[in-house]
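Going line by line, the protein sequences match chains Z and L.
Numbered per this note's numbering, the first sequence spans residues 7 to 148.
Numbered per this note's numbering, the second sequence spans residues 6 to 505.
Heads up: the structure comes next, in structure tokens.
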Amino acid sequence: MDRRQFTFGALAMPALSLAGPAAAADTVRMRDLYNKDLSFSDYAEAHAGERIAVAGFMAPPLKAEATFFVLTKRPLAVCPFCESEAEWPDDILAIYTKRAIVVVPFNVRIVTRGMLELGTFRDPETGFLSRVRLADASYDRA
Amino acid sequence: MQRMVLATTAMALTLAAASAQDTLPQAGSQWYTDGEATLAAMLSHQPIVGRAKNVILFVADGNGIATNYATRLYAGQLDGKLGEEHVLPYEAFPNLALVKTYNVNAQTPDSAPTAGAMNTGVKQVFNTINLAPEGAIHDDCASEAANRLKTFAEIVSEAGKAVGIVSTARITHATPAAVYAKTANRNWEGDVPEGCTDSKDIATQLIDQMNAGVIDLAFGGGRRYFLPADVTDGEGKKGRRKDGQNYVDAMTKAGGQYAWNTETFKALNLDGSTPVLGLFEDSHMKYEADRDPAEEPSLEDMTRAAISYLANNEGGFYLEIEAGRVDHANHDGNAYRTVTDGVEFAEAVAAGDELTADEDTLIIVTADHEHAIALNGYCGRGSPILGLCYDVAKGQLKHSDELVLAADGKPYTVIGYLNGPGAVLKQQEDGTYSGERAELTQEEVTDPEYLQEALIPMSSESHSGEDVALYAKGPMAHLFDGTVEQNYIFHVMNHAVSAD
């Protein structure tokens, strides 16, 4: 185990003590939370308010020492020939962590566990608008 | 006279082939008889040398030869075939050329000057659109005034043709913008830098050209650059114009039609009497794999509607149709969305061909550039194009059940990328890059979100400078042959619409 993994392991401990290994069978994908029209899936509606595990990728964080990051379903490639400025996909998951985040490279798969919250919320600190979140979250490499 | 000579030659060759066929041991093979049938079709093909009433330029952005190959196999495998034998609709077109895509100052091109070359007849400067390459300087608005070129749309519009643009990218993005815009920076989609008083942003240029009667119909994404920052659109997204202009309102008040979703798209009057603007997303339209048909139309839907509208013009039309997101999915390193948008592009071409006549419509199908995509070997027939490479089975058509293993003992996918976010080398905590290939499973690599493995770590996979193919049919399509410069495409289009 290298130092990075150890750090994540320690961060994730409270959640992991209940949820088991990072890539456990109960882990869902981002697409399991959304329908094509971006309405919430039956799974999301049924698990609102519960702790769930979601696989994805950490988008490069908006600021250091944050307790917030955005989970994307694919690595968030920053393409200078597609976009003139940063673009968020429609289907993202806002993650509010228990501890200050340690950045994971944008293309390393992670599993995030936290309390599923549905409904529009504007972060008073960052102004970031989200429709679905994991609160009190921890994460680990998948 | 020329036709008679051709016909005589064809007869002589057919007779010679028939006599050889009797004696060859392979003469009964399906491959042999198929080859003979193709030969006969080629010999009987006659070029159409009349004037083109209509020109349709289909561009799948980033759909070079390797990308197109992946789409061909994917489409074939969707059809229940092994895949390799499949023929995409445009691959059956009679004329073909290879196209050199570099920009005047770039070995690896970007989509702005490449589309500009097709629309003006001259190669252009990296990241600029429709400015003379002798004087254009990227990002320097002062270099615009003396260097603005005349577009094919302007030329044919003066000659009485209607002009349409369809794209799944923002309608202000490079490839659609090259039909109507002239700019020193392709990113000036909704505003220009302070002090650039002689410059106009790309959205404004589209509206200007619609008002001037050059552009009659535009379907795509990019609503944000047509609405002011204090206006929220039908999907809850805010406009991005800082100058307060509401081009959607202005358009409808001036008698034009506007659509922003499937419902309003279906309600459009397509009799050709009023300009039509369809902006179906705030930014790019959805990938075909993610699209909800109830929310926004497909590329094929837009193609059919555009042709239905433009065909009302007695003088004919010019229509550029772009599958804009084949490119974006390649940039993401996600072959699944690359080929699913590629299949939709093929459907759009088939629709365009079905709705027009070869005698009066020149159809060109090409790409603006290729990507750093590559294909691994040696895979058996029918290896799933998005999946792992299976070994060749001895004497059988279909691949064996054994996966081909690399020197590290692990399987690998058929498709790979030379660079991009799927890089095996990952950034470590100390900033260095290292890593090893994962033990890939078929289930993992065929997931729609999977990124094929790449070599060089980059946030976004890159274009490449290699040639793209061009397929053509209709009047003057035979002038596409050999290896040509990309700006030559304009010259054939221009000749086709003005030929005696």
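We put the beta carbon where it would ideally sit given N, CA and C, even for glycine.
Thinking glycine 67 of chain L and histidine 289 of chain L are a contact (beta carbons under 8 Å), I'd like their distance in whole angstroms, please. On the second sequence, position 62 is the one that residue 67 of chain L refers to. On the second sequence, position 284 is the one that residue 289 of chain L refers to. The pair is not a contact, with the Cβ atoms about 13 Å apart (cut-off 8 Å).
So which residues on chain Z does histidine 50 of chain L lean against when the C-beta distance must stay under 8 Å? Along the second sequence, one-based indexing puts residue 50 of chain L at 45. Correct list: empty, because the minimum Cβ distance to chain Z is about 38 Å.
Report the residue from L/Val450, L/Leu393, L/Val109, L/His483 whose alpha carbon sits nearest the alpha carbon of histidine 143 of chain L. As a working mapping, residue 143 of chain L is identified with position 138 in the second sequence. Among L/Val450, L/Leu393, L/Val109, L/His483, the Cα nearest to that of histidine 143 of chain L belongs to L/Val109.
For alanine 482 of chain L and glutamate 327 of chain L, I'd like the C-alpha separation in whole angstroms. Reading the second sequence from its first residue, position 477 is the one you call residue 482 of chain L. Reading the second sequence from its first residue, position 322 is the one you call residue 327 of chain L. Taking the straight line from one Cα to the other gives about 20 Å.
For a test of the three-state rule: what should DSSP assign to glutamate 325 of chain L, helix, strand or coil? The residue you call residue 325 of chain L lines up with position 320 of the second sequence. Looking at glutamate 325 of chain L - three-state DSSP - the assignment turns out to be strand.
Tell whether a beta-carbon distance below 9 Å holds between threonine 33 of chain Z and alanine 148 of chain Z. Taking the first residue of the first sequence as 1, we reach residue 33 of chain Z at position 27. Taking the first residue of the first sequence as 1, we reach residue 148 of chain Z at position 142. Taking 9 Å as the Cβ cut-off, threonine 33 of chain Z and alanine 148 of chain Z qualify as a contacting pair.
For my contact list, asparagine 266 of chain L and glutamate 305 of chain L are in at a C-beta cut-off of 8 Å; report their separation, rounded to the angstrom. The residue you call residue 266 of chain L lines up with position 261 of the second sequence. The residue you call residue 305 of chain L lines up with position 300 of the second sequence. With 8 Å as the limit, asparagine 266 of chain L and glutamate 305 of chain L do not qualify as a contact, their Cβ atoms being about 17 Å apart.
At a Cβ threshold of 9 Å, is aspartate 346 of chain L touching chain Z? As a working note, residue 346 of chain L is residue 341 in the second sequence. Chain Z, which has no Cβ nearer than 9 Å to the Cβ of aspartate 346 of chain L, makes this no.
Give every residue of the same chain whose Cβ lies closer than 8 Å to the Cβ of proline 27 of chain Z, excluding the five residues on either side of it in the sequence, and list them in chain order. For the purposes of this step, residue 27 of chain Z is taken as residue 21 along the first sequence, with counting starting at 1. Residue confidence is low: proline 27 of chain Z scores 41 on pLDDT, short of 50, so the model does not pin down where it sits. No coordinate-derived value is stated.
Considering arginine 128 of chain Z, what are the terminal residues of the alpha helix (DSSP H) in which it resides? Within the first sequence, the letter at position 122 stands for residue 128 of chain Z. Careful: arginine 128 of chain Z lies outside any alpha helix (DSSP H), inside the beta strand (DSSP E) at 115-128.
Should methionine 123 of chain L go down as buried or exposed, given a rule of 16 or more other Cβ atoms within 10 Å for buried? For the purposes of this step, residue 123 of chain L is taken as the residue at position 118 of the second sequence. Label assigned to methionine 123 of chain L: buried.
Under a three-way DSSP split, which group does tyrosine 292 of chain L fall into? Translated into the one-based positions of the second sequence, residue 292 of chain L becomes position 287. Coil.
Please report the residue range of the beta strand (DSSP E) in which isoleucine 70 of chain L lies. Counted from its first residue, the second sequence places residue 70 of chain L at position 65. No beta strand (DSSP E) holds isoleucine 70 of chain L; the alpha helix (DSSP H) holding it covers 70-83.
In the DSSP assignment, what residue or residues form a beta bridge with alanine 474 of chain L? Numbered from its first residue, the second sequence carries residue 474 of chain L at position 469. Beta-bridge pairing links alanine 474 of chain L to L/Leu103.
In three-state terms, what does DSSP make of tryptophan 181 of chain L? Counting from 1 along the second sequence, the entry for residue 181 of chain L is found at position 176. The identity of residue 181 of chain L in the sequence shown is proline, whereas the question assumes tryptophan. Note: proline 181 of chain L maps to helix in three-state DSSP.
Tell me, to the nearest whole angstrom, how far the beta carbon of glycine 506 of chain L is from that of valine 281 of chain L; I am working on the premise that it is less than 8 Å. The structure shown does not extend to residue 506 of chain L, since chain L spans only 6 to 505, so no value can be given for it.
Pair every Cβ in the segment 438-448 of chain L with every Cβ in the segment 317-336 of chain L, then say whether three or more of these pairs are closer than 8 Å. no
Identity of the residue in L/Val219, L/Glu199, L/Thr488, L/Gln112 nearest lysine 519 of chain L by Cα: An answer regarding residue 519 of chain L cannot be provided, because it is not within the stretch 6 to 505 covered by chain L.
Short CB-CB distance (under 9 Å) between proline 426 of chain L and chain Z: For this step, residue 426 of chain L is matched to residue 421 along the second sequence. Proline 426 of chain L counts as touching chain Z.
Between aspartate 43 of chain Z and chain L, is there a C-beta pair that is closer than 9 Å? Here residue 43 of chain Z corresponds to residue number 37 of the first sequence, with the count starting at 1. It does; some Cβ of chain L falls within 9 Å.
Taking CB distances under 9 Å as the criterion, tell me whether lysine 431 of chain L reaches chain Z. If you number the second sequence from 1, residue 431 of chain L lands on position 426. Closer than 9 Å to some Cβ of chain Z, the Cβ of lysine 431 of chain L qualifies, so yes.
Distance, Cα to Cα, valine 109 of chain Z vs glycine 120 of chain Z? Translated into the one-based positions of the first sequence, residue 109 of chain Z becomes position 103. Translated into the one-based positions of the first sequence, residue 120 of chain Z becomes position 114. Distance between the alpha carbons of valine 109 of chain Z and glycine 120 of chain Z: 18 Å.
So for proline 233 of chain L, helix, strand or coil by DSSP? On the second sequence, position 228 is the one that residue 233 of chain L refers to. Of the three classes helix, strand and coil, the one that applies to proline 233 of chain L here is strand, per DSSP.
By alpha-carbon positions, which one of L/His178, L/Ala355, L/Leu78, L/Ala398 ends up nearest to leucine 380 of chain L? For the purposes of this step, residue 380 of chain L is taken as the residue at position 375 of the second sequence. Answer by Cα proximity: L/Leu78.
Is leucine 460 of chain L helix, strand or coil by DSSP? Taking the second sequence and counting its residues from 1, one reaches residue 460 of chain L at position 455. It is a strand residue.
Give me the residue from L/Glu325, L/Thr343, L/Ala474 with the minimum Cα distance to tyrosine 422 of chain L. Translated into positions along the second sequence, residue 422 of chain L becomes position 417. Here the closest residue by C-alpha is L/Thr343.
Looking at histidine 374 of chain L: is its Cβ nearer than 9 Å to the Cβ of proline 181 of chain L? The residue you call residue 374 of chain L lines up with position 369 of the second sequence. The residue you call residue 181 of chain L lines up with position 176 of the second sequence. Not in contact: histidine 374 of chain L and proline 181 of chain L (Cβ atoms no closer than 9 Å).
In terms of alpha-carbon separation, which member of L/Ala189, L/Cys146, L/Ala151 lies closest to glycine 200 of chain L? Numbered from 1 along the second sequence, position 195 holds the residue referred to as residue 200 of chain L. The option with the nearest alpha carbon to glycine 200 of chain L is L/Cys146.
Report all residues from its chain with a CB closer than 7 Å to the CB of serine 47 of chain Z; omit the five preceding and five following residues, and keep chain order. As a position in the first sequence, residue 47 of chain Z is number 41, starting the count at 1. Hits under 7 Å: Asp38, Leu39, Tyr40, Asn41.
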